[in-house]
Amino acid sequence: MKEYLLELARYNVWANAKLSAWLSQISVEQWKREFGGSFKSLEATALHIVSAEKIWFERLEGKPQPFLSLTFQGDRDEVLAIWKSASANLERYLVDSSEESLREKFTYRNLKGNEFTDERSKVLAHVFNHSTYHRGQLVNYLREVGFTAIESTDLINFYRLNE
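Under this note's numbering, think of the first position of the sequence shown as 68, with each following residue one higher.
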């Protein structure tokens with residue numbers, strides 16, 4: 068399980084870096100342009116992914132902080148820097164974890180204050196899946212604002228590049 072999750076963590080770092088590079092090339096107006104959807108803009112969607120990766124890492128470490136997107140006042144460069152750090156933290160967490168510790172359950176509270184107990188490996192799988200889902204939304208929004216220099220971020224392409 069650890070090796071597979073570590074592959075997903077490395078894929079997550081790679082795919083997030085690609086998205087960050089694309090997001091850094093658009094204008095502030097494109098970054099903030101509002102769309103319909105679960106998150107209203109590229110900015111809001113990216114901040115949601117970053118916030119989720121960050122808080123899940125903090126929960127796994129037993130040190131949860133307030134959800135970043137609720138208080139964040141920074142700019143795009145800050146979002147992208149925090150995203151890079153959050154992704155790297157998840158990868159480092161897996162490198163430092165044992166197979167046994169990943170099967171352990173831990174208890175945390177969600178944003179509504181409800182308590183849950185879940186296996187660490189399942190939470191990590193959720194985090195990577197969640198990021199993949201919302202990266203797809205970012206790609207869609209990027210196309211909507213006219214950014215076309217988009218390459219595939221599919222997992223199979225990551226595997227092929229790393230053979």
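The beta carbon of each residue, even a glycine, is placed where N, CA and C say it ideally should be.
One or two residues paired with residue i in a DSSP bridge
i           : result
residue 108 : 101
residue 174 : 184
Nearest-angstrom Cβ-Cβ length linking residue i and residue j, presumed shorter than 8 Å
i           : j           : result
residue 174 : residue 182 : 6 Å
residue 59  : residue 114 : The first residue shown for the chain is 68 and the last is 230, placing residue 59 beyond what the model contains.
residue 73  : residue 162 : 7 Å
Residue j beta carbon less than 9 Å from that of residue i
i           : j           : result
residue 120 : residue 168 : no
residue 224 : residue 218 : yes
residue 118 : residue 136 : yes
residue 143 : residue 68  : no
Close beta carbons around residue i, own chain, < 8 Å, minus the five adjacent residues each side
i           : result
residue 202 : 82, 83, 86, 116, 220
residue 127 : 160, 173, 187, 190, 191
residue 102 : 108, 208, 211
Residues near residue i in its chain [Cβ-Cβ closer than 6 Å; skip 5 each side]
i           : result
residue 123 : 194
residue 75  : 195
residue 178 : 134
residue 110 : 98, 99
* Would you call the stretch 148-159 and the stretch 78-94 in contact, with 3 or more CB pairs under 8 Å? -> yes
* If we count Cβ pairs, one from each stretch, closer than 8 Å, do we get three or more for the stretch 93-112 versus the stretch 205-213? -> yes
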